[in-house]
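Working notes for the structure below.
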Amino acid sequence: MLRFKLFDNILEIYLQYVSFEDIHIYSVDEVFLDMTTYLEYYKKTDIEMAEVILRDIMETTKIPATCGIGPNMLLSKIALDVDSKNAPTFIAKWTYDDVPTKLWNISPISKMWGIGRNMERNLNRLGIYSIYDLAHYPLHKLQKYYGIMGEELYHHAHGIDMSIINEKLVYKPVSKSYGMGQTLFHDYYGDDVTQIVLEMTDEVTKRLRAGNKKAYTINLGIAYSKDIGGGFNRQMTLPFPTCNEAEIYNACMSLFDEFYNDSPIRKVTIRVTNLVEEYYVQLNLFKDMNKVIKDHKLHSSLDNLKFRYGKSAVLRASSLTDSSTVLARNTMIGGHNG
Numbered sequence: 005m006l007r008f009k010l011f012d013n014i015l016e017i018y019l020q021y022v023s024f025e026d027i028h029i030y031s032v033d034e035v036f037l038d039m040t041t042y043l044e045y046y047k048k049t050d051i052e053m054a055e056v057i058l059r060d061i062m063e064t065t066k067i068p069a070t071c072g073i074g075p076n077m078l079l080s081k082i083a084l085d086v087d088s089k090n091a092p093t094f095i096a097k098w099t100y101d102d103v104p105t106k107l108w109n110i111s112p113i114s115k116m117w118g119i120g121r122n123m124e125r126n127l128n129r130l131g132i133y134s135i136y137d138l139a140h141y142p143l144h145k146l147q148k149y150y151g152i153m154g155e156e157l158y159h160h161a162h163g164i165d166m167s168i169i170n171e172k173l174v175y176k177p178v179s180k181s182y183g184m185g186q187t188l189f190h191d192y193y194g195d196d197v198t199q200i201v202l203e204m205t206d207e208v209t210k211r212l213r214a215g216n217k218k219a220y221t222i223n224l225g226i227a228y229s230k231d232i233g234g235g236f237n238r239q240m241t242l243p244f245p246t247c248n249e250a251e252i253y254n255a256c257m258s259l260f261d262e263f264y265n266d267s268p269i270r271k272v273t274i275r276v277t278n279l280v281e282e283y284y285v286q287l288n289l290f291k292d293m294n295k296v297i298k299d300h301k302l303h304s305s306l307d308n309l310k311f312r313y314g315k316s317a318v319l320r321a322s323s324l325t326d327s328s329t330v331l332a333r334n335t336m337i338g339g340h341n342g
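Residue numbers for the sequence shown follow the numbering used here, beginning at 5 and rising by one.
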């Protein structure tokens with residue numbers, strides 16, 4: 005579990021690394037990321053992922069952030085509050101082994117996340133003045149005095165927190181989404197950008213299938229070279245939900261052909277929204293459902309190969325052309341060198 009200080013509107017940065025279901029926005033300036041299922045995918049440790057994300061935040065916003073890492077929301081939060089600000093890398097990691105040496109030393113107990121001044125006074129009346137005292141107070145007495153809250157306090161004093169991000173979400177967008185943005189190595193023009201859109205579509209649809217989702221709405225953003233300025237951000241809603249590369253690519257290119265004005269391009273963003281579960285099927289007289297199922301099985305098999313052997317295990321032949329960036333990007337995390 006990674007817990008970051010959140011500055012300004014940088015949710016889009018986090019969405020480049022995890023899906024919205026694995027984000028919990030705790031307050032205006034703090035956010036939890038559940039990286040449990042992503043570390044193997046990125047081939048990174050939790051500390052290495054924190055370093056990459058903090059670097060991305062700094063490069064994007066020019067504002068420093070801090071990170072606490074723990075096996076659950078509680079310990080990651082306390083690591084952030086207690087140690088991260090004084091750490092050389094602004095990253096602090098606590099494990100269950102740190103509970104006796106770090107957590108139990110917290111005093112007064114109101115310095116621990118979840119214990120306010122009123123609760124502190126109540127616990128002081130029981131002779132509890134530190135987290136060590138709380139951890140060694142009889143559980144049945146805490147349950148008697150405070151019910152379920154007493155049991156939770158006892159477990160928290162031992163570093164145990166069974167909260168799951170999906171259960172604690174307090175903010176939900178109107179529509180969850182998957183997407184990615186790519187700042188290009190140099191200015192591109194129309195013919196070359198088609199390859200970029202194709203490769204990014206492959207990545208976005210892979211994330212859709214990994215999340216067992218389909219999308220109705222396709223969004224394409226194009227930013228022109230800073231010497232020119234401007235660009236466009238447009239979307240279209242399909243008559244049926246999809247996680248098929250060809251269908252999403254065709255939608256992106258339709259938007260591109262309509263709005264592109266031949267200026268040099270420096271950034272491309274693709275996002276899919278208005279999601280439904282993958283098992284959702286909307287019958288369409290103009291689609292061969294047997295082919296849809298066959299294509300999905302094929303793409304899922306390719307996804308599994310990439311997950312097992314690396315993102316470059318299977319590539320399109322066009323990815324060997326000069327306009328492709330996929331081989332270079334596959335050595336990066338979130339668009340940055342690992």
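Backbone N, C-alpha and C fix where the C-beta goes; we use that ideal spot for every residue, glycine too.
Item to check | Contacts around L212, its chain only, beta-carbon distance under 6 Å, and the 5 residues preceding and following it disregarded | outcome: Y182 and C247
Next on the checklist: Quick check: the Cα distance between P68 and I95, rounded to an integer number of angstroms?
Outcome noted: 12 Å
Next on the checklist: Pop quiz: K217 and E282 are said to be a contact at Cβ under 8 Å. What is the actual Cβ separation, rounded to whole angstroms?
Outcome noted: 6 Å
Checklist entry - Is I337 helix, strand or coil by DSSP? => result Caution applies to I337, whose pLDDT of 45 falls short of 50 and renders its modelled position unreliable; the model cannot decide the point.
Checklist entry - L84 by DSSP, collapsed to three states: which one? => result helix
Checklist entry - Beta carbon of T198, beta carbon of V276: below 8 Å? => result no
Checklist entry - Can you give the Cα-Cα distance for I269 and Q239, rounded to whole angstroms? => result 18 Å
Item to check | Per-residue DSSP class, three states only, for H160 | outcome: helix
Checklist entry - Does the Cβ of E251 have 16 or more other Cβ atoms within 10 Å, making it buried, or fewer, making it exposed? => result buried
Next on the checklist: Is it buried or exposed, V280, if we count other Cβ atoms within 10 angstroms and call 16 or more buried?
Outcome noted: exposed
Item to check | Cross-strand partners of I27 (DSSP beta bridge) | outcome: L37
Next on the checklist: By DSSP's criteria, M240 is part of a beta bridge. Which residues make up the other side?
Outcome noted: I222
Checklist entry - In terms of alpha-carbon separation, which member of H159, L157, I29 and L202 lies closest to M184? => result L202
Item to check | For Q1, the residue or residues it bridges with in DSSP | outcome: The structure shown does not extend to residue 1, since the chain is modelled only from 5 through 342, so no value can be given for it.
Checklist entry - Cβ of I73 within 8 Å of Cβ of D50? => result yes
Checklist entry - How would you label F263, buried or exposed, when you count the other beta carbons within 10 angstroms and need 16 or more for buried? => result exposed
Checklist entry - Is the region 98 to 109 touching the region 134 to 144, taking contact as three or more C-beta pairs under 8 Å? => result yes
Checklist entry - Which residues share a DSSP beta bridge with I95? => result C71
Next on the checklist: In whole angstroms, give me the CA-to-CA distance for M39 and L146.
Outcome noted: 33 Å
Checklist entry - What three-state label does DSSP hand Y141 in the structure shown? => result coil
Item to check | Boundaries (first-last residue) of the alpha helix (DSSP H) holding M123 | outcome: R121 to R129
Next on the checklist: Just verifying my parser: in three-state terms, what is the DSSP assignment at T277?
Outcome noted: strand
Next on the checklist: On a Cα-Cα basis, can you pick out the residue from N278, E44 and I119 that is closest to Y21?
Outcome noted: E44
Item to check | Environment of G235 [buried if 16+ CB atoms lie within 10 Å] | outcome: buried
Next on the checklist: For a test of the three-state rule: what should DSSP assign to Y264, helix, strand or coil?
Outcome noted: coil
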